[in-house]
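The numbering of the sequence shown is this note's numbering, which starts it at 269 and goes up by one. Beta carbons: idealized from backbone N, C-alpha and C, even for Gly.
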Amino acid sequence: MGCRNLTLRTPRQATLMQGAAWCMISRVGGGARTARIATFKVIFRVGYTRLVDGCINQTISKMKRRAGLTIEAFVLMGVLCIVFLLWNNQATRPNLDTTRPERSANHDQLLPKATAEYTRPPARRVWDVCHQNLSASNVQGFSTLPGHLKDFLYYQHCKSFPLLLDLPDKCGGPNGSSNVFLLLVIKSSPMNYERRQVLRETWAEERPHAGLWIRRLFISGTTGAGFEKRRLNKLLQLEHGKHGDVLQWDFNDSFFNLTLKQVLFLGWMEERCPRAHFLLNGDDDIFAHTDNMVEFLREHDGGRHLFVGTVIQNVGPIRHPNSKYYVPVQVQTSESYPAYCGGGGYLLSGHTAMVIYNASKAIGLHPIDDVYMGMCLASVGLKPASHGAIRTAGLHVPSQKMDSRDPCYYQDVLLVHRFLPHQIYIMWNQLRDPALICWQK
269 MGCRNLTLRT PRQATLMQGA AWCMISRVGG GARTARIATF KVIFRVGYTR
319 LVDGCINQTI SKMKRRAGLT IEAFVLMGVL CIVFLLWNNQ ATRPNLDTTR
369 PERSANHDQL LPKATAEYTR PPARRVWDVC HQNLSASNVQ GFSTLPGHLK
419 DFLYYQHCKS FPLLLDLPDK CGGPNGSSNV FLLLVIKSSP MNYERRQVLR
469 ETWAEERPHA GLWIRRLFIS GTTGAGFEKR RLNKLLQLEH GKHGDVLQWD
519 FNDSFFNLTL KQVLFLGWME ERCPRAHFLL NGDDDIFAHT DNMVEFLREH
569 DGGRHLFVGT VIQNVGPIRH PNSKYYVPVQ VQTSESYPAY CGGGGYLLSG
619 HTAMVIYNAS KAIGLHPIDD VYMGMCLASV GLKPASHGAI RTAGLHVPSQ
669 KMDSRDPCYY QDVLLVHRFL PHQIYIMWNQ LRDPALICWQ K
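So this is what it looks like as structure tokens:
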């Protein structure tokens, strides 16, 4: 009897089978019949049970095999569905632009192109952590110094800090940087957003003048702590992404760290922009007539020494503790400074910038950054020069009754210190107004 047929039988059919067997036994008489009946019942029940069990097991095995095939089919279908969904998602996904947001319609045209010799700079180095020089506390009178001067002495040896925001292609690469005629290097603290924004729209606008390119950089450190520091860092990140003009290092941006900021920038320039012809180095509260600067600088050679500003000489450290410029004997024992240009702003050649950077490697940092520039120049036998159109002490008008912000006084200047953001905006637009008429050229 096949399992296929057995599995289709009903209890009634099983009873009929037992009846047929009983008829066969009934032909045997007497006690033998009784014994055979009992024996047959046992044999029938055991055999039938085993047969049923075997068929059930066989059926279960078939069901398992079928279930296994069903599971495999479901798994295969699932894999195919996942592949289809991934393919469909990739096909319909919008094109994600990983480049910087648009800055201006002609921004790409303004960027200097790298020359054929351009090679991408090496990957950013891993920065060593600069540790506190605890031996500085052994200097006589150290305990009497204010906190910012103690910090300066503790970290005076540190000239390398992590670069948080970089612009490796700002100048078109090391070789392409020869296309940069005037690089505007503007010292700015993180919170001075309004100043930076006004400069971007006025004299620091990246543009060609007389066919010579003007480029812009703001150099900054970090300020504050905790949430405030993170917010200001985020501000610079947003400006960096939108305008492509911010360099930031991970050091405390303070007055006595301006020298460190200058040295860090010169190191960046050596790697990223070594062939720029000239630099304006200035604060973010100056008014610079950059058109006049290009006209002045085009008469000079960027490969020769040039360092012009408002020269200060025959002076020494201020020893008054209440002064912003206080420099105690623990920082400098000498009573004199070399000749230097006022730090509000000055012009220098690319050649001189690299000379200063190389000299700085052997000269300890000084808390007054413009004095430090003079120290580096003096160490290699170079001197700064004065230029009458650079007024870091401000511009004086003939009479108090006259408007000191009359644009006619500023037609021929190169640089004037100090201006508020709105004053810069007004002055720049007045000077570029074709309708401006002055009593003298």
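For G577, list the residues DSSP reports as bridge partners. Residue mapping note: residue 577 aligns to position 309 of the sequence shown, counting from 1. Answer is S654.
If you measure between the beta carbons of I487 and K438, is that distance less than 8 Å? Against the sequence shown, residue 487 aligns to sequence position 219. Against the sequence shown, residue 438 aligns to sequence position 170. No, the Cβ-Cβ distance between I487 and K438 is not below 8 Å.
Assuming S628 and L548 make a contact with CB atoms under 8 Å, what is their CB distance in whole Å? Here the question's residue 628 lines up with position 360 in the sequence shown. Here the question's residue 548 lines up with position 280 in the sequence shown. In fact, because the Cβ distance is near 19 Å, the residues do not count as touching under 8 Å.
May I ask you to report which of helix, strand or coil DSSP gives W707? Walking along the sequence shown from the start, residue 707 turns up at place 439. Coil at W707, not helix or strand.
Where do the N-terminal and C-terminal ends of the alpha helix (DSSP H) with H416 fall, by residue? As a working note, residue 416 is residue 148 in the sequence shown. Looking at the DSSP string, the run of the alpha helix (DSSP H) that includes H416 is 415-422.
If you follow the alpha helix (DSSP H) that Q465 is in, where does it begin and where does it stop? Locating residue 465 in the sequence shown gives position 197, counting from the first residue. First-last of the alpha helix (DSSP H) with Q465: 461-469.
DSSP three-state assignment for R499, whether helix, strand or coil: For the purposes of this step, residue 499 is taken as residue 231 along the sequence shown, with counting starting at 1. DSSP places R499 in helix when its eight states are reduced to three.
Anyone know if the C-beta pair for I482 and E469 falls short of 8 Å? In the sequence shown, counting from the first residue as 1, residue 482 sits at position 214. In the sequence shown, counting from the first residue as 1, residue 469 sits at position 201. Going by C-beta atoms, I482 is not nearer than 8 Å to E469.
Residue closest to K592, alpha-carbon to alpha-carbon, out of L650, S522, V576: Counted from its first residue, the sequence shown places residue 592 at position 324. The shortest C-alpha separation from K592 is found at S522.
Minimum C-alpha distance to V583 - residue among G571, E567, C609: Within the sequence shown, residue 583 is the residue found at index 315, counting from 1. Measuring from the Cα of V583, the nearest candidate turns out to be C609.
Rounded to whole angstroms, how far is the Cβ of Q598 from the Cβ of L402, which I believe are closer than 8 Å? Counting from one through the sequence shown, the residue named residue 598 turns up at place 330. Counting from one through the sequence shown, the residue named residue 402 turns up at place 134. About 15 Å separates the two Cβ atoms, so there is no contact after all.
Label D638 either buried or exposed according to how many other C-beta atoms from any shown protein chain fall within 10 Å of its C-beta, with 16 as the threshold for buried. Stepping through the sequence shown from its first residue, residue 638 is reached at position 370. That one is buried.
Whose C-alpha, out of G656, I631, H685, H508, is nearest the C-alpha of P436? Counting from 1 along the sequence shown, the entry for residue 436 is found at position 168. The candidate whose alpha carbon is nearest that of P436 is H508.
Go ahead and pull the three-state DSSP assignment for A646. The sequence position of residue 646 within the sequence shown is 378, counting from 1. Looking at A646 - three-state DSSP - the assignment turns out to be helix.
Would you mind listing the beta strand (DSSP E) stretches within the region 563-625 that are 3+ residues and don't spill past its ends, in chain order? 575-577, 613-617
Given H375, which residues of its chain have a CB within under 6 Å of its CB, disregarding the five upstream and five downstream residues? Within the sequence shown, numbered from 1, the residue matching residue 375 stands at position 107. Here H375 scores only 39 on pLDDT, less than 50, and its place in the model is too uncertain to base an answer on.
Using 8 Å as the threshold, is the C-beta distance between L663 and V648 below it? For the purposes of this step, residue 663 is taken as the residue at position 395 of the sequence shown. For the purposes of this step, residue 648 is taken as the residue at position 380 of the sequence shown. Against a cut-off of 8 Å, the Cβ pair of V648 and L663 comes out as no contact.
Return the Cβ separation of L485 and L452 in integer angstroms, given the expectation that the two are a contact with Cβ distance under 8 Å. Taking the sequence shown and counting its residues from 1, one reaches residue 485 at position 217. Taking the sequence shown and counting its residues from 1, one reaches residue 452 at position 184. Yes, L485 and L452 are in contact; Cβ-Cβ is about 7 Å, under 8 Å.
By DSSP, does R543 sit in helix, in strand, or in coil? Taking the sequence shown and counting its residues from 1, one reaches residue 543 at position 275. It is coil, neither helix nor strand.
Measure the alpha-carbon distance for Y693 versus L500 and round it to whole angstroms. Residue 693 sits at position 425 when you count from the first residue of the sequence shown. Residue 500 sits at position 232 when you count from the first residue of the sequence shown. If you take the alpha carbons of Y693 and L500, they lie about 24 Å apart.
From the DSSP output, read off the bridge partner residues of Q516. Start at 1 with the first residue of the sequence shown, and residue 516 comes out as number 248. Paired residues: L433, S488.
Residue range of the beta strand (DSSP E) that I454 falls in? Taking the first residue of the sequence shown as position 1, residue 454 is located at position 186. Its beta strand (DSSP E) spans residues 448-455.
Look up D671 in the DSSP assignment and say whether it is helix, strand or coil. In the sequence shown, the residue the question calls residue 671 occupies position 403. If DSSP states are grouped into helix, strand and coil, D671 belongs with coil.
Would you call G287 buried or exposed, if buried means 16 or more other Cβ atoms sit within 10 Å of its Cβ? Taking the sequence shown and counting its residues from 1, one reaches residue 287 at position 19. A caution first: G287 carries a pLDDT of 47, below 50, which makes its placement in the model unreliable, though a value can still be read off. Exposed: under 16 other Cβ atoms inside 10 Å.
What residues are listed by DSSP as bridge partners for D482? Numbered from 1 along the sequence shown, position 214 holds the residue referred to as residue 482. First, the amino acid is wrong: residue 482 is Ile here, not Asp. Paired residue(s): L450, R475.
Identify whether F687 lies in helix, strand or coil by the three-state DSSP scheme. Working through the sequence shown from its first residue, we reach residue 687 at position 419. Looking at F687 - three-state DSSP - the assignment turns out to be coil, as it is neither helix nor strand.
Quick check: P458 and L503, are their CB atoms within less than 8 Å of each other? Walking along the sequence shown from the start, residue 458 turns up at place 190. Walking along the sequence shown from the start, residue 503 turns up at place 235. Yes, Cβ-Cβ distance for P458 and L503 is below 8 Å.
Alpha carbon to alpha carbon, how far is P702 from D671? What you label residue 702 is simply residue 434 of the sequence shown in a count that begins at 1. What you label residue 671 is simply residue 403 of the sequence shown in a count that begins at 1. Roughly 21 Å between the two C-alpha positions.
Give every residue of the same chain whose Cβ lies closer than 7 Å to the Cβ of P380, excluding the five residues on either side of it in the sequence, and list them in chain order. Taking the first residue of the sequence shown as position 1, residue 380 is located at position 112. For P380, the pLDDT reaches just 41, beneath the cut-off of 50, and the residue's location in the model is therefore unreliable, although a value from the coordinates is still provided. Excluding sequence neighbours, P380 sits near C439, G440, G444, N447, V448, W481.
Beta-carbon spacing of G550, G642 below 8 Å: Taking the sequence shown and counting its residues from 1, one reaches residue 550 at position 282. Taking the sequence shown and counting its residues from 1, one reaches residue 642 at position 374. Not in contact: G550 and G642 (Cβ atoms no closer than 8 Å).
So, helix, strand or coil for N697, using DSSP? Residue mapping note: residue 697 aligns to position 429 of the sequence shown, counting from 1. It is helical.
Helix, strand or coil, according to DSSP, for A493 in the structure here? Locating residue 493 in the sequence shown gives position 225, counting from the first residue. Coil.
Mind checking F495: buried by the 16 CB within 10 Å criterion, or exposed? Within the sequence shown, numbered from 1, the residue matching residue 495 stands at position 227. Classification of F495: exposed, given that the 10 Å Cβ count is below 16.
Could you tell me how far apart the beta carbons of L615 and G577 are, in whole angstroms, since I believe they sit closer than 8 Å? Position 347 of the sequence shown, counting from 1, holds the residue named residue 615. Position 309 of the sequence shown, counting from 1, holds the residue named residue 577. 7 Å between Cβ atoms; contact.
Burial state of C706 (16 or more Cβ within 10 Å): Here the question's residue 706 lines up with position 438 in the sequence shown. Result: exposed.
N549 - DSSP class collapsed to helix/strand/coil: Residue mapping note: residue 549 aligns to position 281 of the sequence shown, counting from 1. Note: N549 maps to strand in three-state DSSP.
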